[in-house]
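Student: Residue numbers (the working numbering): 7 to 178.
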Ligand code: SF4
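#1: Taking 8 Å as the limit between beta carbons, can you name the residues of its chain near residue 54, skipping five residues before and five after?
#2: Run through DSSP, which three-state label would residue 92 get?
#3: Any idea what DSSP makes of residue 132, helix, strand or coil?
#4: Report yes if the C-beta distance between residue 128 and residue 119 is below 8 Å; otherwise report no.
#5: Answer yes or no: do residue 142 and residue 61 have a C-beta to C-beta separation smaller than 8 Å?
#6: Whose C-beta lies closer than 6 Å to the C-beta of residue 106 among residues of the same chain, with five residues either side of it excluded?
#7: Please tell me whether residue 175 and residue 163 are closer than 8 Å, where the distance is taken between their beta carbons.
#8: Got a sec: does the ligand SF4 put a non-hydrogen atom nearer than 7 Å to the Cβ of residue 170?
#9: Taking the straight line between their C-alpha atoms, what separation do you get for residue 4 and residue 178?
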């Protein structure tokens with residue numbers, strides 16, 4: 007994997023982490039997710055990352071489920087489920103839906119976020135796809151800037167952040 011692509015993946019997850027507020031979910035029209043029961047039987051592990059050159063986007067869902075001729079990406083998260091999936095998790099799953107569609111020429115109707123105690127189905131709507139593409143464009147733009155201001159006032163978030171030691175805006 008080339009360094010720019012790797013850097014872009016790291017940036018993707020760093021930046022989507024900034025988008026965890028409900029406020030943004032509402033303004034972007036993101037689906038909140040519905041609780042579903044899933045049988046882990048038949049989940050196929052994804053071995054290789056998927057890549058979509060037009061958006062310079064790569065990623066690997068944890069599993070793909072084949073159901074009624076459709077492919078459903080699954081993202082597994084450690085820990086118990088929040089009340090509703092975080093926006094960062096929704097965007098990550100949406101990027102997998104997009105990658106699955108571009109790779110297999112089949113648009114997933116939804117994807118699944120699997121937490122320890124609960125699963126959420128997230129509809130892969132046109133609105134969600136548009137919000138994802140806008141987010142990716144914003145990230146690319148920010149990538150060219152020397153400085154990108156912190157987008158939150160949450161000490162707890164900085165405490166958990168892997169960039170804390172090198173970030174000059176850390177609150178922790
Ligand atoms: S340390 Fe805080 S401000 Fe810096 S990147 Fe991490 S979350 Fe953002």
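Built from N, CA and C at the ideal position, the CB exists for glycine as well.
Because the structure is a prediction, the values reported are computed rather than measured.
Tutor: Let's see:
#1: Correct list, in chain order: 66.
#2: The three-state reading of DSSP puts residue 92 in coil, since its state is none of H, G, I, E or B.
#3: Three-state DSSP puts residue 132 in a helix.
#4: Yes.
#5: Taking 8 Å as the Cβ cut-off, residue 142 and residue 61 qualify as a contacting pair.
#6: Closer than 6 Å at the Cβ level, and outside the excluded window around residue 106, lie 77, 79, 114.
#7: No. Outside cutoff.
#8: Flag set: Cβ of residue 170 near the ligand SF4.
#9: Here the chain covers residues 7 to 178 and nothing more, so residue 4 does not appear.
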